[in-house]
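*Asks:* Just so you know, the sequences run in chain order E and B.
Our numbering puts the first residue of the first sequence at 32, with every later residue one more than the last.
Our numbering puts the first residue of the second sequence at 775, with every later residue one more than the last.
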Amino acid sequence: MREDDENQKDPNDSPEGPGVSRREFLKISGISVAVPLVAGPRVIKAAGQEVRVYGPGKVPMEFTINGKNYKANLEPRITLLDALRDQFELTGAKRVCDRAECGACTVLLDNKPVYACAMLAIEAQHKAITTVESLMRDGKLHPIQQAFVDNDASQCGFCTPGFVVACKALLDKYPHPTPEDIRRGLSGNLCRCGTYAGIRKAIAQVAQKGA
Amino acid sequence: MPDYAWPDAQHRTLIGTRVSRVDSPAKVSGQAKYTYDVHRPGMLYGKVLRCPYAHAKIVSIDTSAAEKMPGVKAVHIVQGPGAAIHWAGDEVVAVAAVDEPTAEDAIRVIKVEYQQLPHLVSDAEPPKGGAQEEGPLSMDALDDMLDNEMPAGQMVSQIQQYGITEKPSEGRLNELKEDGASDAVLDALRTAAVHPEAASKLPSSYQKAAAQTVGDPEKAFAEAAVVSEGLYGIPLIAHCCLESHGSISEWTDQDHLFTHISTQNVSGIPGQMAEPLKIPATNVRVHQDHIGGGFGSKFSPDRWGIFTAEISKKAGGKPVRIMLERDAELEVAGARPSAYARVKVGAMKDGALVAWQSNSWGTGGPGGGGMPPIPYVFSIPNQRQEHIAIRNNIGPARAWRAPNHPQAAVLTMCALDDLAAKLNMDPVEFFGKNLNLTKQRENTYREELAIASELMDWKQKWHPREQIASGGMARGVGLSFHTWGGRGHASDCDLTIHPDGSVELKLCSQDLGTGTRTCILIVASETLGIPMDAIQLQIGDTTYPPSGGSGGSTTIGGVSSSTRRAAADARDALFTKVAPALNTQPDQLECVNGKLSVKGDSSRSLSWKEACSKLGAMPLTIRGKNPDRSKPPDLTNSGVGGVQMAEAEVDADTGVVKVKKMVAVQDCGLVIDLKTAESQCYGALIMGISYSLYEEKVMDPSTGRMLNADMGFYRLAGLSDIPELVVHMMTGKGYDERGVIGLGEPPVISPGAAISNAVANAIGVRVPFLPLTPDRVLAALEQKAGA
């Protein structure tokens, strides 16, 4: 959602839309109301606009993950990462720092890499969520995955899915990335075993052959 | 008897080549399941209430509100009123609930009253004369030893040597037993000398831990042509495994436990869980497919592994998952002990080392910790060492990849490098001159030093330490040496050939990301003569034959040796069954690429599948073992040497250090998989750059808590911090025939010293302590300017 311009409404944020932007949420959270444990939103006025309020109990949510529809009743405080892992058993994205510092939970939201640990599941509705599980097609690894295998770019492998997704996003945007593109594109992912040398070679392999 | 010896270079097809990691496809596709990913039916989620104080006594606990909360299935008091807490973040109460948010809510409504006690989290230099001689042990000291998981043998010898301050009652002994004291420790306490007069003395945080003298250091220093003195150190750092510690436990019936746990030691877990849970080890099944990092911190089930099983029992045996939160992972799940020293070294005019003196100190938490092996690698003829262990409230220390060696390398190699500078000698020449002091590794080091110098282009890059007049970018190079044991551990495996030709290999080992699975399959495939993908390998389950924990670089030697013996025996047993069909003797058969044939006559052959059909109805299962004296030769060995060089660039205006290039030259006997072996070295260099420039567990003296218990402020190196890395494995004659030796630890030892030496070469002054942060670099430059 665009947060740089308050008057610019995100199309997904229409009255029929799913959520409340973070900025609006901050305004609402100052309003004191008794909150019943019911599913479904209530509409209140905040900042001169009608906004829908969800929770704190479980509310029905719908997601599009890897092209498939998923439904679940979740508390609004559940992160996208926990929804993926605990509700839908898509455990490729890992929970490591749980506060947007390490990138092990990287997934794509409308083709942009995001930290799934730092986004509420309720915000991710009606967007195309892509996880590492979808990159393999018909039993064949995606070129960046194959390049990770060829260049031994994983050791324990816990950071690997996040890196694979971040590398895919990088290469989609910059098929022939400069060292500066790589630095910027992957600065949000960390590895403990020390696989960066292999990851750099993997990116070079794909950039050379083309994805 | 089959020839178990490793095939020589001409007869190897896979061993020593570059083979891609067999579990990479599972890891890159997100299919690899780690303990954190396990989702058991009906699983409950556990959360832990932790003590916010570094030193406290628990006065009272009220869990009533949590117990009434809907969705909460069990509340378990881990440490009750009266218990002493020795570090912030220690566990007090655990809760299991239907989901994580509910468990978190429940934790928030538990009320605990603490009595705060004075704490110490500093590991600064002990006050002069402030260190206590080792003396009679108080009950608190014994509690600390148990808390710090001191080995029973060490506790017994200390009790016998120093005595105790009070005679413990049987009730007190029972409490100690519940806290983990072994029967040997309890017996030692019953018979120990009691010195009540010592009880009135306040226990000191500073304990003299080691003092030794070799030769005549006074005389040697007096005769030395040059003497150099300096201060050096390496701080506490965390393991920061990306997969935090934790487990999922469930009771399959009243007295059988099934545990998924993130561990380096699958085979060793049941024995450690049995006693506290009061069930036989046979009743504990442990399973782990993949582990997201261990680095020495995951050998035991830990207190949290035990109470996860206990809270599962309270919840009717339902699976309960407790994985540590990131802050807890950094605060309580292990730290590498710090080490600091004032070092004095002396050499003759030609550079020959003659004397060493060190006054060192450091902390490993409540138990204090020991002295690193200094002087490291170089056995200087005259030495005196004194070490003071600081017992404080930083939390428990754990083995961190190559325990005590990175500390020893920094304290030694930096001091020797400063001496070389004072002698105005090129370090390559200076260290080369003293390689006779490395004894049995001398030739290895000499070869490695020459190769590393060439790969670094050392002659072009090294310069005498220079004055940096006014800022600017400065470059320098530095080097370090290291050693490690790495003999293979005990390992059993079962190899089964089925009459339909399928083959399975089972052993309760684990793959830490070092390539263990790949190496086992290389050995089995090479030995049997069938492709790697024709063998199903199963590891990580206690229903398989036991194999040692993965620590100390012992796994590769253990699993490759047991696999080699099993596969050689299985192959020969198959040859015995098949020989009559080919009208030959078993010793005339060979198997290559899945085809069994008579040696020298490929027309008389059978496919692997046809050959296996001769086994009859029953599969053939062979147990392979390491060690196994009845099946010589010894396939593993001990003792490696490595040389590393670093090139660093320092911005003298900002103090920012960048590593520009690193070279690692390493031996490890016979390399099984060159690709994953090189990855161990690349990874170690990267981890080394990380701990040299960025990592430190920062403790707040006023609150006693870790200030940077998250991954934003506990900084790991990122991809853009990593320069050109060159890895050279020593292979071929003189190395291969030594057998298989471990590689995980050695290459992570030298980076700290090599990088610190490169920075000293660049800016002409020693930055005493790692990490080499801008403030420390600028302080060193300022001191130099003022000197």
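A virtual CB, placed ideally from N, CA and C, is assigned to each residue, including glycine.
(1) Please confirm whether Val-802/B has its beta-carbon closer than 8 angstroms to some beta-carbon of chain E.
(2) Measuring alpha carbon to alpha carbon, tell me which of Val-895/B, Asp-1307/B, Arg-1249/B ends up nearest Ala-1426/B.
(3) Quick check: the Cα distance between Met-1504/B and Val-1437/B, rounded to an integer number of angstroms?
(4) Run through the DSSP bridge pairs and tell me what Ala-888/B is partnered with.
(5) Which residues in chain E have a C-beta closer than 7 angstroms to the C-beta of Glu-1017/B? List them in chain order.
(6) Check His-785/B in the structure and name its three-state DSSP category.
(7) Kindly indicate which three-state DSSP category Asp-1425/B falls into: helix, strand or coil?
(8) Just to confirm, is the Cβ distance from Val-1417/B to Ile-1515/B under 8 angstroms?
(9) Would you say Tyr-810/B faces chain E, with C-beta separation under 8 angstroms as the test?
(10) Pull out every residue of the segment 106 to 136 of chain E whose Cβ sits closer than 9 angstroms to any Cβ of chain B, in chain order.
(11) Just to check my reading of the structure: Trp-1078/B and Glu-1278/B have Cβ atoms closer than 8 angstroms, yes? What is that Cβ distance to the nearest angstrom?
(12) Run through the DSSP bridge pairs and tell me what Arg-1397/B is partnered with.
(13) For the pair the segment 1086 to 1101 of chain B and the segment 1530 to 1541 of chain B, tell me if three or more CB-CB distances fall below 8 angstroms.
(14) Are the C-beta atoms of Asp-252/E and some chain B residue less than 8 angstroms apart?
(15) With 8 angstroms as the threshold, decide whether the Cβ of His-1064/B is near any Cβ in chain E.
(16) Within 10 angstroms of the Cβ of Gln-1046/B, are there 16 or more other Cβ atoms? Answer buried if so, exposed if not.
(17) Between the C-alpha atoms of Ala-915/B and Arg-1172/B, what's the straight-line distance to the nearest angstrom?
(18) Identify, in the order they occur along the chain, each residue of the same chain with its Cβ nearer than 7 angstroms to the Cβ of Cys-187/E, setting aside the five sequence neighbours on each side.
(19) Closer than 8 angstroms by beta-carbon distance: list the chain E residues that pair up with Pro-875/B, in chain order.
(20) Beta-carbon of Met-150/E versus every beta-carbon of chain B: anything under 8 angstroms?
(21) By how many angstroms is the C-alpha of Ile-1460/B removed from the C-alpha of Leu-112/E?
(22) Unbroken alpha helix (DSSP H) runs of length 4 or more, entirely within the segment 82 to 159 of chain E: which are they?
(23) In whole angstroms, what separates the C-alpha of Val-163/E from that of Val-195/E?
(24) Note down, one range per segment and in chain order, each beta strand (DSSP E) of at least 3 residues found wholly within the segment 1255 to 1299 of chain B.
(25) Beta-carbon separation of Tyr-778/B and Arg-1338/B under 8 angstroms?
(26) Indicate whether Leu-201/E and Asp-212/E have their beta-carbon atoms separated by less than 8 angstroms.
(27) Does any residue of chain B bring its CB to less than 8 angstroms from the CB of Gln-236/E?
(28) Taking C-alpha atoms, which residue in Leu-1370/B, Ser-1134/B, Pro-844/B, Ser-912/B lies nearest to Tyr-936/B?
(29) So which residues on chain B does Leu-217/E lean against when the C-beta distance must stay under 9 angstroms?
(30) Would you say the segment 1018 to 1028 of chain B touches the segment 1134 to 1154 of chain B, given that touching needs at least three Cβ pairs under 8 angstroms?
(31) Could you spell out where the alpha helix (DSSP H) holding Arg-1345/B opens and where it closes?
(32) Cβ closer than 9 angstroms: which chain E residues qualify as neighbours of Tyr-1456/B?
(33) Report the residues of the segment 1067 to 1091 of chain B with a CB closer than 9 angstroms to any CB of chain E, ordered along the chain.
(34) Using a Cβ-Cβ distance cut-off of 8 angstroms, determine whether Thr-161/E contacts chain B.
(35) Alpha helix (DSSP H) containing Phe-1081/B: first to last residue?
(36) Where does Trp-1174/B fall in DSSP's three states?
*Replies:* Once the coordinates are examined:
(1) Using beta-carbon distances, Val-802/B counts as an interface residue toward chain E, with a partner under 8 angstroms.
(2) Residue Arg-1249/B holds the alpha-carbon nearest to the alpha-carbon of Ala-1426/B among Val-895/B, Asp-1307/B, Arg-1249/B.
(3) Each residue's alpha carbon lies about 13 angstroms from the other.
(4) Before going further, note that residue 888/B is Tyr rather than Ala in the sequence given. Beta bridge pairing from DSSP links Tyr-888/B with Ile-832/B.
(5) Neighbours of Glu-1017/B on chain E, chain order: Phe-189.
(6) Helix at His-785/B.
(7) Here DSSP, grouped into helix, strand and coil, assigns Asp-1425/B to strand.
(8) No, the pair does not count as a contact, with Cβ atoms beyond the cut-off.
(9) For Tyr-810/B, the answer is yes, since a Cβ of chain E falls inside 8 angstroms of its Cβ.
(10) From the segment 106 to 136 of chain E, only Glu-106, Arg-108, Ile-109, Asp-113, Arg-116, Asp-117, Glu-120, Leu-121, Thr-122, Gly-123, Ala-124, Lys-125, Arg-126, Val-127, Cys-128, Asp-129, Arg-130, Ala-131, Glu-132, Cys-133, Ala-135 have a Cβ closer than 9 angstroms to chain B.
(11) The C-beta separation of Trp-1078/B from Glu-1278/B comes to about 34 angstroms, leaving the pair out of contact by the 8 angstroms criterion.
(12) Answer is Asp-1268/B.
(13) Contact between the segment 1086 to 1101 of chain B and the segment 1530 to 1541 of chain B is absent, with fewer than three C-beta pairs closer than 8 angstroms.
(14) No statement about residue 252/E is possible, as the shown extent of chain E runs from 32 to 242 and does not include it.
(15) So, interface residue.
(16) The residue in question, Gln-1046/B, is buried, as its Cβ has 16 or more Cβ neighbours within 10 Å.
(17) Here the C-alpha atom of Ala-915/B lies approximately 19 angstroms from the C-alpha atom of Arg-1172/B.
(18) Cys-224, listed in sequence order.
(19) For Pro-875/B, the neighbours in chain E by C-beta distance under 8 angstroms run, in chain order, Glu-106, Arg-108, Ile-109.
(20) Closer than 8 angstroms: no.
(21) Straight-line spacing of the CA atoms in Leu-112/E and Ile-1460/B works out to 28 angstroms.
(22) Segments of the alpha helix (DSSP H) lying fully in the segment 82 to 159 of chain E: there are none.
(23) Rounded to whole angstroms, the gap between the alpha carbons of Val-163/E and Val-195/E is 7 angstroms.
(24) For the segment 1255 to 1299 of chain B, whole beta strand (DSSP E) runs of length 3 or above, ordered along the chain, are 1265 to 1271, 1277 to 1281.
(25) Going by C-beta atoms, Tyr-778/B is nearer than 8 angstroms to Arg-1338/B.
(26) Here Leu-201/E is near Asp-212/E, since their CB atoms are less than 8 angstroms apart.
(27) No, Gln-236/E does not count as interfacial toward chain B.
(28) Of the candidates Leu-1370/B, Ser-1134/B, Pro-844/B, Ser-912/B, the one whose C-alpha sits nearest the C-alpha of Tyr-936/B is Ser-912/B.
(29) Chain B residues near Leu-217/E: Gly-1492, Leu-1493, Ser-1494.
(30) Cβ pair count under 8 angstroms is below three, so no.
(31) 1329 to 1352 is the span of the alpha helix (DSSP H), which, as asked, contains Arg-1345/B.
(32) Going along chain E in sequence order, the residues near Tyr-1456/B (Cβ under 9 angstroms) are Asp-183, Gly-225, Thr-226, Tyr-227, Ala-228, Gly-229.
(33) Residues passing the 9 angstroms Cβ filter: Gly-1067, Gly-1068, Phe-1069.
(34) Thr-161/E does not count as touching chain B.
(35) It spans 1076 to 1088 - the alpha helix (DSSP H) in which Phe-1081/B sits, taken as one unbroken run.
(36) In the structure shown, Trp-1174/B sits in coil (DSSP, three-state: anything other than H, G, I, E or B).
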